[in-house]
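In the numbering used here, the protein residues as written are 1 to 662.
Listed below in structure tokens is the structure:
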């Protein structure tokens, strides 16, 4: 099939795919066909004679990369399977692990996960760095400075103490053969900057970037270096920028034409995905934000109006029960199946309760809160133990486990071990083995040695399970009798499903290492498939890139949506409020219309009170002995004059039950 097959020359996708401009910016609203346009542009490059191995497509998730590659291959263009489609972190990791790059940096790109940072903070014991909170702030500022490119040298430390902190941090990271996740992109950028004629700057003729608004400034500069004199095509939408906590730089997509004077800008503003009523309401909502790029999001001619319902319940418990019943009634009607239902919630505890109720009714359902998979101390310990079992020489995992259970992570004792290891030119594990063998004495380390003995016993048990029953790892690491392990369990199960069977590996360590790597990826970059056979329940943030025929956004109360406004200064509040509005906009536009088959259903649900205990558990100020009054999200009022009247949730449920009875 030709790249332009079925395209109309007036279609933005045709203009985008056929343009010979060296710099293109496409601002693409939700559901406007950006992925479709990207694959056509890539196919056009290949048909023009470009070696597909010299085309780089950067996506935000591995799932998106795999989907894009699958779509390109489906066009039947020769060589399409050789297009390089990766996340930027994956690409940078592959660059950093090359031998010559490792020699240049003097560092090992083993990324640290969040819970591993606290022991490091404890180990940076210089009194000048302040207490734990002050050191965490220094670390946050350090990573943010790299990401934001606040000066020509992203690693610049603004004060003498910060400079000392950065040096101590680098010593710790170097000894532990690790790297902060926030360093991976800037370290790659530093290598490319320092080596203008290196191979990595000459690999690609065409670079295409999806979700450009979600990249931080360092990532955006890196893209320019990777492209060199080739073409750069960026696709994104500042209206869907929701990752400020990752230092996303949405201004980059706004100013891209100013920085690149020859840039051609193309807007995708016709929403193909959503019912027309949902599109209209979403457009009215987002117009409350300032300095937008796209303008009005227009519904596609021929799309159904869609069904939108705004409902409210008396209590949070009633809402959870009611939402579960509503989903069951929609499934009984028979127009949709479980895989067509997407439930979004601002709090995972609410999602778990809906999930458990649906499971009790034998409805296939899965929760996807993998970004919270390591929230408890139990899951942190389990993940680090899996890490160490798969990587016996991993110094970061060992450091975490040695101090586990201690408020200070046994920092004083660990410093003795690390100092001795540095003197001997070995690692801490070798020092501990020498102490246990009696060939080395180190005073005041008995407690940390006892921790090491317990760790060795646990790893021996893991080794036994891998030998006898590899699938038994899931139950060992994630007991099924507690909600604490739900998300880690799901990630580990998915990892075992994705990795080849145990029998196909030369030894158990190879298999276990693959399981660990896949689990880590699923946790650090959560991915939710589009085509599933079960109800999906997740956070609003995680829904980016997905769609469903029935979308339920629950707990739409002003205390949750918008959130994070209680401790925000008056100066920062407008910016935070706009980002929360963008998050709600993303959630609303997940609703999908199947013209002539199913119109698409959007349900916005809230409640007017919860108990004081529940409120405090959810982070809402309250008194234990009083119910907490709530109010519907202010964003619902911003959906425009045609939004449906809010009704009692029980009345809507009765309507559905009436349909089923007839």
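Every residue, glycine too, gets a C-beta built ideally from N, C-alpha and C.
Predicted model, so just to flag it, every value in this text is computed and none were measured.
For residue j and residue i, the rounded distance between their alpha carbons
i           : j           : result
residue 140 : residue 185 : 16 Å
residue 315 : residue 351 : 16 Å
residue 237 : residue 216 : 14 Å
residue 210 : residue 235 : 5 Å
residue 204 : residue 53  : 8 Å
residue 476 : residue 467 : 14 Å
residue 332 : residue 658 : 12 Å
residue 256 : residue 12  : 19 Å
residue 153 : residue 581 : Note that residue 153 scores 45 on pLDDT, short of 50, meaning its location in the model is unreliable and no value can be drawn from it.
residue 138 : residue 373 : 26 Å
residue 321 : residue 354 : 7 Å
residue 98  : residue 196 : 17 Å
residue 386 : residue 436 : 23 Å
residue 329 : residue 335 : 10 Å
residue 150 : residue 346 : Caution applies to residue 150, whose pLDDT of 42 falls short of 50 and renders its modelled position unreliable; the value that the coordinates give is listed next. Spanning the two alpha carbons is a distance of roughly 32 Å.
residue 338 : residue 358 : 11 Å
residue 156 : residue 524 : Caution applies to residue 156, whose pLDDT of 48 falls short of 50 and renders its modelled position unreliable; the model cannot decide the point.
residue 515 : residue 650 : 45 Å
residue 563 : residue 348 : 14 Å
residue 479 : residue 471 : 13 Å
residue 61  : residue 545 : 10 Å
residue 134 : residue 602 : 44 Å
Residue i: CB within 8 Å of a non-hydrogen atom of the ligand GDP
i           : result
residue 473 : As presented, the structure is devoid of all ligands, the ligand GDP included, so that no description of it is given.
Helix, strand or coil at residue i [DSSP, three-state]
i           : result
residue 470 : coil
residue 229 : coil
residue 206 : strand
residue 299 : strand
residue 154 : Only weak support exists for where residue 154 lies, its pLDDT of 46 falling under 50; the value from the coordinates is given anyway. Note: residue 154 maps to coil in three-state DSSP.
residue 418 : helix
residue 78  : coil
residue 159 : coil
residue 374 : coil
residue 589 : coil
residue 126 : coil
residue 632 : strand
residue 488 : helix
residue 552 : strand
residue 360 : helix
residue 57  : strand
residue 671 : For residue 671 there is no data in the structure shown, the boundaries of the chain being 1 and 662.
residue 186 : helix
residue 235 : strand
Beta strand (DSSP E) segment containing residue i, residue limits
i           : result
residue 86  : 84-87
residue 309 : 307-313
residue 399 : Element bounds for residue 399: not the beta strand (DSSP E) but the alpha helix (DSSP H), 395-403.
residue 268 : 264-268
residue 606 : 601-607
residue 97  : No beta strand (DSSP E) contains residue 97, which DSSP labels as neither H nor E.
residue 535 : 535-538
residue 25  : 23-28
residue 665 : Not covered by the structure: residue 665. The range shown for the chain is 1 to 662.
residue 342 : 341-344
Close beta carbons around residue i, own chain, < 6 Å, minus the five adjacent residues each side
i           : result
residue 384 : 397, 400 and 401
residue 645 : none
residue 77  : 43 and 46
Start and end residues, alpha helix (DSSP H) containing residue i
i           : result
residue 368 : From DSSP, residue 368 is part of no alpha helix (DSSP H) but of the beta strand (DSSP E) over 365-368.
residue 557 : Residue 557 -> no alpha helix (DSSP H), and no H or E assigned at all.
residue 523 : 508-524
residue 285 : 276-286
residue 616 : 612-617
residue 428 : 428-437
Neighbourhood of residue i by C-beta distance below 8 Å, restricted to the same chain and skipping five residues each side
i           : result
residue 664 : Nothing in the structure corresponds to residue 664, since the chain is present only between 1 and 662.
residue 493 : 474
residue 484 : 376, 378 and 379
residue 8   : 14
residue 418 : 123, 175 and 428
Assumed close pair residue i, residue j - CB separation to whole angstroms, cut-off 8 Å
i           : j           : result
residue 123 : residue 415 : 7 Å
residue 589 : residue 282 : 5 Å
residue 542 : residue 652 : With a Cβ gap of about 26 Å, residue 542 and residue 652 do not count as contacting.
residue 233 : residue 24  : 5 Å
residue 273 : residue 30  : 7 Å
Cβ-based neighbour list, residue i, same chain, cut-off 7 Å, excluding 5 preceding and 5 following
i           : result
residue 630 : 557, 559, 607, 608, 609 and 610
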